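*Asks:* Numbering (our numbering), first residue to last: -11 to 84.
This is the structure we're talking about:
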């Protein structure tokens, strides 16, 4: 609810770096959009470095016209998570 949206917004606003992967629910449906909208707006307004990964998160940012308000936007969800975990990615390995 609203309290959770406010609390998430406060944490995001105070972070030096934000990495967001995955919407807060079925944001495509109006009754379920407020949570994802609140997080998307908080990430977009964050003064820190903001990285958003995943096709659904990218779609949410586009839906709320915030896709140009983050430092980096990637449609690679699972692969992005594996990369930041330090795992080997076959496509990257092939380029090395």
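Cβ coordinates follow ideal geometry from the N, Cα and C atoms, glycine included.
Predicted model, so just to flag it, every value in this text is computed and none were measured.
If I follow the unbroken beta strand (DSSP E) through residue 38, where does it start and stop?
*Replies:* Locating residue 38 in the chain shown gives position 50, where the first residue counts as 1. Unbroken beta strand (DSSP E) run through residue 38: 37 to 41.
*Asks:* In chain order, what are the residue ranges of uninterrupted alpha helix (DSSP H) at least 4 long that sit wholly in the segment 9 to 80?
*Replies:* Qualifying alpha helix (DSSP H) stretches, in chain order: 21 to 33, 43 to 51, 66 to 72.
*Asks:* Can you list, in chain order, the residues of its chain whose CB lies under 6 Å from that of residue -10, leaving out five sequence neighbours each side?
*Replies:* If you number the chain shown from 1, residue -10 lands on position 2. For residue -10, where only same-chain residues beyond five positions count, there are no Cβ hits under 6 Å.
*Asks:* For residue 3, I'd like the list of residues in its chain whose CB is within less than 8 Å of its CB, leaving aside the five on either flank, ordered along the chain.
*Replies:* For the purposes of this step, residue 3 is identified with residue 15 of the chain shown, where counting begins at 1. Result list for residue 3: 34, 36, in chain order.
*Asks:* Should the segment 72 to 80 be regarded as contacting the segment 45 to 58, the criterion being three or more beta carbon pairs within less than 8 Å?
*Replies:* They do not touch, by the three-pair rule.
*Asks:* Can residue 42 and residue 13 be called in contact, C-beta distance under 8 Å?
*Replies:* In the chain shown, residue 42 corresponds to position 54, counting from 1. In the chain shown, residue 13 corresponds to position 25, counting from 1. The answer is no: Cβ separation not under 8 Å.
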